[in-house]
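Q:
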Amino acid sequence: MALKQFNVLIKGPQLPQRLLDNVEAQFTAFRLWEAADDAAYLQEIGPQIDALLTSGNPVMGASVDLINRLPNLKIICSNGVGYDSIDIKAASARGVIVTNTPGVLNACVADLGMALLLDVARRVSESDRYARAGKWLSHGRFPAGCKIGGKVCGIVGLGSIGLDLARRARAFDMDIHFYNPHSRPDVPYTRHETLKSLAQQADFLVLTLPGGASTRHLIDAEILQALGPKGFLINIARGSVVDEQALIQALESGQIAGAALDVFEHEPAVPQALQKRNNVVITPHIASSTEETMRAMADLVFENLLAFAQGEPVLTRVV
Ligand code: 8YV
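Sequential numbering from 1 applies to the sequence shown in the UniProt record's numbering.
1) Taking the alpha carbon of R267 as the reference point, which residue from E24, N57, P13, W33 has its own alpha carbon closest?
2) Let me check understanding here. Comparing Cα to Cα, which of F172, V96, V8, I234 lies closest to I282?
3) The alpha helix (DSSP H) that contains I67, what's its start and end?
4) Considering only residues of the same chain and omitting the five flanking positions on each side of G150, which have a CB-CB separation below 8 Å?
5) Apart from the five residues just before and just after V263, which ones in its own chain have a Cβ nearer than 6 Å to its Cβ?
6) So what's T101 in DSSP terms, helix, strand or just coil?
7) What do you get for A199, buried or exposed, if any count of 16 or more other CB atoms within 10 angstroms of its CB means buried?
8) What is the chain-ordered set of residues for which the beta carbon lies under 6 Å from any non-hydrogen atom of the ligand 8YV?
9) Would you report the Cα separation of V241 and L300, rounded to the nearest angstrom?
10) Since A35 and V8 are thought to touch, with beta carbons under 8 Å apart, how far apart are those beta carbons, to the nearest angstrom?
11) My assumption, with CB atoms under 8 Å, is that I49 sits in contact with L15. Please give the rounded CB distance.
12) Which full runs of the beta strand (DSSP E) of 3+ residues lie inside the region 223 to 285, going along the chain?
13) For my contact list, L247 and L224 are in at a C-beta cut-off of 8 Å; report their separation, rounded to the angstrom.
14) In angstroms, rounded to a whole number, what distance separates the CA positions of Y83 and V124?
15) Helix, strand or coil: which one does DSSP assign to L207?
16) So, L20 versus T293, is the Cβ gap smaller than 9 Å?
17) Thinking C-alpha only, which one of R191, S85, F142 is nearest K11?
18) Which same chain residues end up closer than 7 Å to A307 when comparing Cβ atoms and leaving out the 5 residues on each side of it in sequence?
See the structure below:
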C-alpha cells in the first residue's frame, strides 16, 4: 500500500511534535481534536481509518466507543508504556493490534521516582519555597528532613521500571524490598507476600506497577495506615492505583509522613487538599518527559506505524 493511502487518526495534540510531523508527512492524517463535533466527524471519516495514534496518558487512550466508530481500524499505536486507558479487550476482540513504547522510558521514569523520593524526604521543594518567601531571614534555619540512606525502599511492582528504580535506590544505600505478583528469584531484594507487609516495612513506598481495573485503589486506607507516620508514598505509576481521598485523609491526620506524586486520579486536576500541603510534592505527569526519552518514544511509535503500513511485523506489540 502506498503510504499516503494509509489513513491515521490522531486522537489529540498531546503528542510530541516530532511524531505529529512524521506521521503527517508520511501518511494521510486526520486530527480528531480539531473536529467541532467528534461524532459527526467520525461518522464521516471513521470508515477510512486504518490506524489510531494516541498515548497512554489517561486523557488520551482509546475507548471502546472510539474503537467501534472505526470499523476498518487495524492498529492502535500508543505513545507510552502504560496502556490502561486503551480498551485492550475491545481492540483484541476486533483483531486490532496495539503497540506501546516499553523500555525506552525506564531510565527517565526511574530518575523521576528517585527525584521525588529525595525531594519529599529532604524537603527540597518545600525549602525552595521557604527561601524564596524570605523565611530564611525571618524564621531562621529550615527544619530537618529525613535521611534516605539505610532506609527501606519498598517497590510495588518490580517490572523493568521498578528494577531501574531499585538500582538507583541501592546507589543511595537504601534497602530494597518489593511486592510483585510473581516471585523474582533473579533479584537479590526482599520479597513480601502481601502489600500490607511491604507497607509495614517500607519507609518509602514507591509505586511502579501498571494501572487499570486490576490495580485500582490498591493503595487504600489500610495500606496507608500500614505505611505509618514515618512513611512516604511515591507514585510514578498511575493515579488510579491510589485511593486519592484515602491519601488526603492519611496526610491530613498525620497517618503518613508525606507523598510525592507524578500522577493523579483525575488528571490534569490535582485536588486542592494535596496542593496546599507542604509535605506533598507534585509534578504534572512528567516522568518520561525528557527531550531524549520523548524523542525515543516518538520514534518507536512511528517505527511501529511504519512497519505495519509496510506489511512488516510491528516492534513492540501489546496484543
Ligand atoms: C505518558 C506514561 O504516556 O508511558 C506512560 O505510560 O504515563 C507517560 O509516558 C506520556 O504522557 C506520553 O504521552
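Glycine included, every Cβ here is placed at the ideal spot set by N, Cα and C.
The model shown is predicted, which means the values in this text are computed figures rather than measured ones.
A: Taking the geometry as given:
1) In the sequence as presented, Arg is not what sits at residue 267; that position holds Glu. Minimum Cα distance to E267 is reached at N57.
2) I234
3) 64 to 68
4) D173, M174, D175
5) N235, R238, G239, H285
6) Taken through DSSP and simplified to helix, strand or coil, T101 comes out as coil.
7) buried
8) Listed by chain position, these are S55, G56, N57, N79, G80, V81, G82, L105, H285, S288.
9) Whole-angstrom Cα-Cα distance: 27 Å.
10) With a Cβ gap of about 15 Å, A35 and V8 do not count as contacting.
11) I49 to L15, Cβ: 16 Å. No contact.
12) Complete beta strand (DSSP E) runs here, min 3: 232 to 235, 258 to 261, 280 to 282.
13) 6 Å
14) Cα to Cα, Y83 sits roughly 32 Å from V124.
15) strand
16) no
17) S85
18) P313, V314, L315
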